[in-house]
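All remarks here apply to the structure that follows.
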Amino acid sequence: MKIKTKGTKPKDTKSWNPFVGCNFDCVYCKANYRHIVWLNGIRWNCTDCQTYIPHNHPERLDRMPSDRVIFVLSNGDISFCDPVFLDEIVDVMKNDKKEGRVFLLQSKNPACFANILQELPQNVVLMTTIETNRDSMYSGVSKAPLPSQRFQDFLQLAWPRKAMVMEPILKFDLDIIKQWAMQLKPEVIFIGLESHRKCKDLVEPSPSEVEELHRDLRALGFKTYDKAKSKYRDAF
440 MKIKTKGTKP KDTKSWNPFV GCNFDCVYCK ANYRHIVWLN GIRWNCTDCQ TYIPHNHPER
500 LDRMPSDRVI FVLSNGDISF CDPVFLDEIV DVMKNDKKEG RVFLLQSKNP ACFANILQEL
560 PQNVVLMTTI ETNRDSMYSG VSKAPLPSQR FQDFLQLAWP RKAMVMEPIL KFDLDIIKQW
620 AMQLKPEVIF IGLESHRKCK DLVEPSPSEV EELHRDLRAL GFKTYDKAKS KYRDAF
C-alpha cells in the first residue's frame, strides 16, 4: 500500500535530503514533523529515518531536484551531519550548473555554518529559527541553543544572504526582535504560528501581536511573510 505523506514546507519548495535526522527534540517537531519523517522512513524502508537518528543517505547525492529553489537537508538539522559527508554535499552544490538556483540551508545551531562558510557557493541563503527572544521560557521547548545564543552566532557569520524564521513563533518582546532584525539584516523574515496546531503547550502571542510584528518590521524595510501561506519562490 502506498503511504501518502505531507511536507511542512510551502508546496512549491523541493527538498534535497542526503542527510536526515536531528537530536534537538523540539516539542513541536515531535508533535507533527517527526511523524511525517517516520512515515517516509516506512516508505523508504529506512529504520534510521523512522527513529530520526542523524544518518546519511549517500545514494541521494545525485538526486537533486531540478527546481530553482531547493531546501537542503530539510529533514534534519545540518549541525548533526558528519563533517566529511557534509563536504560532499557542499561539493555537489558548488558543482550545480542550474541558472538562477537558490539553496536554502537552515539550522537551529547557526554556529555550525562557520565550519563551511568558505566553501559555500554564493547562491546559498543561510537561515536560522528564532522563535522568541525570551531564553527563560525556552528550556522546555527544545535542546537547541537558546534563542539569544542563536542570534549572536548568526550575527557573527560574515555571509551576505541570510533569512530569519520565526515559526513556531512564541511570546516575544517586540523591541528586542526589531533590534535583532536590524542587526542581522535578513533578506526575508518568515513568521508563523505552529503550523499543524498539534502542540498545545506552546506560549504563543496573540494574532494582533503577530500582526503588529509584521507591520513594524515592514516599516523598518524588511520583507516579512506569513509562513503558513507564503511560498519560498516568492521570497527568493
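In our numbering, the protein residues as written are 440 to 675.
All C-beta atoms in this analysis are idealised placements derived from N, C-alpha and C, irrespective of residue type, glycine included.
The way I'd put it, the stretch 596 to 607 does touch the stretch 565 to 578; three or more beta-carbon pairs between them come closer than 8 Å.
When the Cα atoms are used, GLU651 and LYS617 turn out to be separated by approximately 11 Å. Bounds of the beta strand (DSSP E) holding TRP455 are 453 to 455. Considering only LEU559, LEU632 and ASN548, the residue with the shortest C-alpha distance to ASP592 is ASN548. ALA553 and SER518 have their alpha carbons spaced roughly 11 Å apart.
Between ASN495 and the set GLY460, ASP464 and MET503, the nearest pair of CA atoms involves GLY460. Residue burial is scored here from C-beta neighbours: ASN462 has fewer than 16 other C-beta atoms within 10 angstroms and is therefore classed as exposed. Contact between GLY515 and PRO493 holds, since their C-beta atoms are separated by about 6 Å, short of 8 Å. When rounded, the separation of the alpha-carbon atoms in SER581 and GLU643 is 15 Å.
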